[in-house]
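These notes are about the structure you will find just below.
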Amino acid sequence: MHEKLHEKISSLKNEVEQLSVDNDSTKKHINNLINEIENLNDVAEEKEDVIDKIKSSIDHFETEHPRATAILNDIMVTLSNMGI
C-alpha cells in the first residue's frame with residue numbers, strides 16, 4: 435500500500451477510536467470503509483464504488499465529525515494522486 439495512504443488510514447483509525455460509544459454505527463461505517471480502502475484491487479468498478487462511498491461518507495459526516503471528514507478528504511486526494 436502507498437505510504438501516504440497508509441498514514442492517512444492510520445490517522446482515520448485513530449480518529450474512529452476516539453469516537454464515543456454513542457457513535458457505534460458511525461464507527462462501524464468508517465471501519466467498513468477503511469477495510470474497503472485497504473483491500474482495493476485493480477478492478478475499476480470496485481475503485482469507483484469505494485470512491486463513491488468515500489464521497490458519500492464525507493457528505494454524511496461533515497458536520498458531526500469534521501476531523502474524520504478532513505482525513506477522508508485527504509484519503510481521496512491520495513487515492514487520486516495514485517491514479518485511483
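Per the numbering used here, the sequence shown runs over residues 435 to 518.
Glycine residues also receive a C-beta, built at the ideal position from the N, C-alpha and C atoms.
Taken atom to atom, the span from the alpha-carbon of Ala-502 to that of Leu-446 is near 6 Å. The closest CA to that of Lys-461, considering only His-440, Glu-498, Glu-441 and Lys-481, is found on Glu-498.
If you ignore the 5 residues before and after Asn-507, its C-beta comes within less than 7 Å of the C-beta of Ile-492, all in its own chain and listed in chain order. For Ser-454, the three-state secondary structure derived from DSSP is coil. Going by beta carbons, Ile-468 and Leu-513 fall outside the 8 Å limit.
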